[in-house]
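One structure below.
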Amino acid sequence: MNMKSMNEEYDVVIAGGGPSGLSAALVLGRARKRVLLCDSGPRRNAAAERIHGFVTRDGTPPSEFRHIGREQLRHYPNVSVRDVRVEDVRGDKGAFEVSLEDGVVRARRVIVGVGMVDELPPIPGYRELWGKAIFQCPYCHGWEVQDGAFALIASGPPMVEFSLFLRGWTKDLVVFTDARFEVADDLRRRVLGAGITIEERAIAKLIPDASGQHLEAIELADGARIARRVVFARPAQRQPALVTRLDLALDENGFVRLSEHRETSRPGIYAAGDSTTMMQGALVAASSGAHAAYMLNHELTMELAASGLL
Ligand SMILES: Cc1cc2nc3c(=O)[nH]c(=O)nc-3n(C[C@H](O)[C@H](O)[C@H](O)COP(=O)(O)OP(=O)(O)OC[C@H]3O[C@@H](n4cnc5c(N)ncnc54)[C@H](O)[C@@H]3O)c2cc1C
1 MNMKSMNEEY
11 DVVIAGGGPS
21 GLSAALVLGR
31 ARKRVLLCDS
41 GPRRNAAAER
51 IHGFVTRDGT
61 PPSEFRHIGR
71 EQLRHYPNVS
81 VRDVRVEDVR
91 GDKGAFEVSL
101 EDGVVRARRV
111 IVGVGMVDEL
121 PPIPGYRELW
131 GKAIFQCPYC
141 HGWEVQDGAF
151 ALIASGPPMV
161 EFSLFLRGWT
171 KDLVVFTDAR
181 FEVADDLRRR
191 VLGAGITIEE
201 RAIAKLIPDA
211 SGQHLEAIEL
221 ADGARIARRV
231 VFARPAQRQP
241 ALVTRLDLAL
251 DENGFVRLSE
261 HRETSRPGIY
271 AAGDSTTMMQ
281 GALVAASSGA
291 HAAYMLNHEL
301 TMELAASGLL
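For the sequence shown, our numbering assigns the number 1 to the initial residue and increments by one for each residue that follows.
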């Protein structure tokens with residue numbers, strides 16, 4: 001497609017307006033860089049009612065978090081925020097051409113903070129309950145459902161091991177293998193010894209209660225129903241399209257590989273947030289956005305100062 005050039009020039013274009021992108025934009029704005037923050041598409045926690053465990057923002061709805069983040073950026077006239085997708089980045093460090101949905105802008109550096117995509121399994125009821133009764137992380141939602149009837153849908157033995165960790169939030173825990181793998185004797189002994197039940201039959205569906213907001217039971221392929229209120233699970237994840245498009249190198253776990261300066265395998269393109277780590281939480285993502293911004297800004301400022309461009 002032939003893109004129109006918008007004749008706009010920025011120091012940094014940031015792709016992604018979640019906690020990592022917002023945080024990077026704030027740091028760079030305060031460092032007097034010309035920044036364009038581009039955000040398009042759903043955030044990872046869109047299905048969740050509240051963000052927990054973020055100091056000063058504990059219990060804040062995700063939309064309010066984003067609103068506050070954007071409001072605070074308005075204080076910096078050198079930062080622009082647009083609801084637009086970044087499609088591609090061409091060129092080299094110092095002179096990138098960033099293709100947006102509606103045109104091309106120039107930038108000296110780029111930060112990719114596009115999150116990860118959760119690939120929810122096709123179990124009936126799963127998508128509807130995701131973020132309401134199915135959670136990916138006990139630090140985020142364990143407190144609210146503590147001492148409840150938990151299920152852990154395990155995708156493999158490491159997740160069965162994870163059930164021991166979940167005992168920190170409840171005594172009433174059933175691990176479901178969904179008939180997908182065997183549990184080794186030693187692991188089985190340790191899990192059963194912690195008072196956890198292992199259910200190895202296949203799952204047919206998740207049954208919500210009348211409100212549709214809570215889980216009532218997990219129905220197995222043979223029709224048996226096991227009453228549960230909460231599910232913990234780690235669905236498979238994939239990188240968003242932009243990471244693939246930019247051909248950024250990934251590590252052995254599928255996350256964007258970073259140098260110690262938070263630069264990706266493409267010089268001048270930095271990354272932050274969920275797409276770079278297994279340690280996924282809003283505060284961690286915000287911190288990693290700030291980290292990338294510090295590193296980028298130091299390098300860029302030194303370069304501009306040495307070339308007489310400041
Ligand atoms: C159900 C659920 C509940 C959660 N609850 C909590 C919680 O209570 N507490 C907590 O700390 N963490 C929670 N998390 C984790 C938290 O949401 C993530 O760690 C955090 O949002 C990651 O921030 P990020 O900036 O990396 O990515 P995201 O928040 O996912 O933001 C990335 C943004 O970039 C956009 N984007 C993607 N591609 C492009 C592109 N090409 N151009 C422009 N924009 C693009 C995306 O659509 C998205 O808006 C939860 C996660 C889930 C799934």
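Here a beta-carbon is modelled for each residue, glycine too, at the ideal position from N, C-alpha and C.
Once DSSP output is grouped into helix, strand and coil, what is the label at residue i?
{"i": "Ser259", "result": "coil"}
{"i": "Pro157", "result": "helix"}
{"i": "Ser20", "result": "helix"}
{"i": "Pro42", "result": "coil"}
{"i": "Tyr294", "result": "helix"}
{"i": "Ala286", "result": "helix"}
{"i": "Val183", "result": "coil"}
{"i": "Arg351", "result": "With the chain covering only 1 through 310, there is no way to say anything about residue 351."}
{"i": "Met279", "result": "coil"}
{"i": "Met1", "result": "Confidence at Met1 is low in this model, with a pLDDT of 46, below 50, so the placement of that residue should be treated as unreliable; the coordinate-derived value is given next. The answer is coil: DSSP assigns Met1 none of H, G, I, E or B."}
{"i": "Gln237", "result": "strand"}
Answer yes or no: do residue i and residue j have a C-beta to C-beta separation smaller than 8 Å?
{"i": "Ala151", "j": "Phe176", "result": "yes"}
{"i": "Val183", "j": "Ile196", "result": "no"}
{"i": "Glu8", "j": "Val105", "result": "yes"}
Excluding five sequence neighbours on each side, which residues of the same chain lie with their C-beta closer than 6 Å to the C-beta of residue i?
{"i": "Lys318", "result": "Residue 318 is absent from the structure shown; the chain starts at 1 and stops at 310."}
{"i": "Gly69", "result": "Leu22"}
{"i": "Lys132", "result": "Gln213"}
{"i": "Met1", "result": "Residue placement at Met1 is flagged as unreliable, the pLDDT there being 46, under the threshold of 50; a coordinate-derived value is accordingly withheld."}
{"i": "Gly17", "result": "Leu37 and Asp39"}
Among the candidates the options, whose CA atom is the shortest distance from the CA of residue i?
{"i": "Gly29", "options": "Gly17, Thr60, His75 and Val243", "result": "His75"}
{"i": "Arg201", "options": "Leu192, Leu215 and Ala179", "result": "Ala179"}
{"i": "Ala31", "options": "Gly268, Phe65, Met6 and Pro77", "result": "Pro77"}
{"i": "Ala224", "options": "Pro208, His141, Ala204 and Gly142", "result": "Ala204"}
{"i": "Gly289", "options": "Glu49, Gln237, Ala271 and Gly59", "result": "Ala271"}
{"i": "Leu206", "options": "Val231, Pro138, Gly268 and Asn45", "result": "Val231"}
Return the chain-ordered list of same chain residues with a C-beta closer than 7 Å to the C-beta of residue i, the five sequence neighbours on each side being excluded.
{"i": "Arg234", "result": "Gln136, Ser155 and Met159"}
{"i": "Arg266", "result": "Leu246 and Leu248"}
{"i": "Gly91", "result": "Glu97"}
{"i": "Tyr294", "result": "Val27"}
{"i": "Leu102", "result": "The question names Leu, but residue 102 in the sequence shown is Asp. Cβ within range, chain order: Val84."}
Which same chain residues end up closer than 8 Å to residue i when comparing Cβ atoms and leaving out the 5 residues on each side of it in sequence?
{"i": "Ser275", "result": "Val112, Gly113, Val114, Gly115, Met116, Gln239, Pro240, Val243, Phe255 and Val256"}
{"i": "Glu144", "result": "His52"}
{"i": "Ala306", "result": "none"}
Is residue i close to chain B? Criterion is C-beta to C-beta, closer than 8 Å.
{"i": "Ser288", "result": "No chain B appears in the structure shown, which is made up of a single protein chain."}
Can you determine whether any heavy atom of ligand 3 sits closer than 7 Å to the C-beta of residue i, and answer yes or no?
{"i": "Pro121", "result": "By its list of ligands, the structure shown excludes ligand 3, since it contains just ligand 1."}
Segment contact flag, the stretch 116-130 with the stretch 160-168, C-beta cutoff 8 Å, min 3 pairs: no
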